[in-house]
Amino acid sequence: MIAITGANGHLGKATIQFLLQKVAPTDIVAIIRNPETVNEFKEKGVTTKQADYNDFNTLKEVFKGIETVLQISTIGVDIETAKQQEKNVVNAIVENNVKHIVYTSIVQARPNTIFQGTETQYHTEELIKETKIPYTFFRNSMYMEAIPELIGNVFQTNEIRYPSGSGKVSFVSRTDIAEAIANVLTENTHQNQTYEITGNKAYTFGELAKLLSAEMKHIDIADTTFREELIGYQMPVDVVDLLVSMANGIKVGEFSYTSDTLEKLLGRKTLRFEQVCKEFISMLFKEIHLSGIKSGKITLAFRRWQKVSVKVGNLLHTSIGLVEIRKIEIVDETDITDKDVLHAGFANKKQLLQSFTHNSIGMIFKISVSYHSADPRIKLREQTELSGKQFADLKKKLERLDNHSKQGHWTEKILLTIKDNPDLHAIGIAKLTGFEKEWLKLNIRKLKNLGLTISHTVGYELSPLGKSFTENLLNEK
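Numbering (the UniProt record's numbering), first residue to last: 1 to 477.
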């Protein structure tokens, strides 16, 4: 039996998803704090147990009969509380004679680091070693998926304001880590090993800025300025202290180590940082421009096409509602004025032209656009209850999509993957489902058109309608 603590977090859910491809669901125990998340695991046939990390007695009960534990670490703003919570987990594991502990730590964990979160995880590593139970430590670098939260909506200013100096980070994919952990949990060749889990290359925030845009700059602001800005966002002081210590840790190289260990554990190449940046750029630019169209600040769009793909009068479904195509004309680069650039939502002409780099062939179309009205799909997707007829109608529509696809029955697989991995980006969903990324993105739009999914700046989730539909689907089985 394999138990996963923190199973309702992103890493825990993704690991369970990969484990289900290797072992029976009855061999997995998901340990959670929040009882509201029980159903999503039960639907897969996974055993769920609730425990409070502050209560040793509840922890002692959930590990009965468990042979292997994945202990997902806690990064708390209160270091002493976090240490005690992790100690409670370790002691409960010892009490139940568990045979193997896999623990998620932090890259190059050691004493006396600047980043506050490292102290807890190094402390837990030492506790685990003292138990003499065979262990495997996953010392993870920073997740690629956390970049949007780390740098914010940088395209509005073309600046990354972060006090990291020239320090580098070996960003790594959380989905890749989850797959590697699932491999280790189901193999017997990793005992008493410490794995440094990183990307294949480390990047400064200046290099990150250039990957996002040629015009983007990294502004190495002072710690005091960073602190003031965070407090201005109404963040608690202890959270601010943790984030400032992270930036300072980056500055001195605490997250710069690189290793090919993850590729060896996976038996393949890891997800490339440049690829994730491209995905982030595409989604974020789209949302910024759509917001501008809704407010009326953006009235133009420029596209390079071999043939025009819209008509005057078309109403396009977007995340902000229906956008109307009012005028289309072919122009040359030299015809684009500074006023056009401004009305298209770009800082300068060079930035606008760079938006065509994915398509160097074809003519440039200048398209006048305006916000038309709310998207009727929004009202549809907010529906929380389905009648028998509505459920049957949706099933028929999905069956038609399946029947007309060379991929076969794909709709249910993607809906359930999004359900189990909310906010996961297209690359991660592609890895979990085996579908090609661009095909996947195109076809998730079809599910969105039925009101079943919601697209975010990065990632997808089921709409209330989608959740109701999948619940009915699973109950039917």
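We treat Cβ as the ideally placed atom computed from N, Cα and C, and that holds for glycine.
In the three-state DSSP reduction, E324 falls in the strand class (E or B).
Contact check for A426 against L415 fails: the beta carbons are separated by 8 Å or more. Only exposed fits M363, as fewer than 16 other CB atoms lie within 10 angstroms of its CB.
Counting along the chain, Y122 sits inside the alpha helix (DSSP H) bounded by residues 116 to 131. With a 10 Å radius around the Cβ and a threshold of 16 neighbouring Cβ atoms, S170 comes out buried.
DSSP places K60 in the uninterrupted alpha helix (DSSP H) bounded by 56 to 62.
Contact check between the segment 449 to 462 and the segment 366 to 373: fewer than three CB pairs, one atom from each, fall below 8 Å, which does not count as touching.
Contact annotation: R227 and V239 have beta-carbon atoms that are not nearer than 8 Å.
Going by DSSP, H372 is part of the beta strand (DSSP E) stretching over 363 to 373. Cβ-Cβ distances below 6 Å link H190 to T136, V184 in the same chain, with the five nearest sequence neighbours on each side left out; the list follows chain order. Minimum Cα-Cα distance from E126 among the listed residues I114, I4, S105 corresponds to S105. Taking the CA atoms as reference points, T224 sits about 17 Å from F115. By the Cβ neighbour-count rule, K379 is exposed, with fewer than 16 other Cβ atoms within 10 Å of its own.
With a 10 Å radius around the Cβ and a threshold of 16 neighbouring Cβ atoms, R110 comes out exposed. With fewer than 16 other CB atoms across the displayed protein chains lying within 10 angstroms of its CB, Y233 is exposed. According to DSSP, R139 shares a beta bridge with S105, E196.
When secondary structure is reduced to three states using DSSP, S295 falls in the helix class. A347 sits away from E159, with the two beta carbons spaced by 8 Å or more. DSSP places A247 in the helix class (H, G or I) of the three-state scheme.
K168 sits close to S256, with the two beta carbons spaced by under 8 Å. The beta carbons of L290 and R381 sit no closer together than 8 Å. Inter-segment contact for the segment 59 to 67 and the segment 79 to 96 is present: three or more beta-carbon pairs are separated by less than 8 Å. In the displayed model, E67 falls within coil according to three-state DSSP, outside both helix and strand. The alpha-carbon of P376 is positioned some 11 Å away from that of S319.
As computed with DSSP, E329 is found in a beta bridge with K366. DSSP places A3 in the strand class (E or B) of the three-state scheme.
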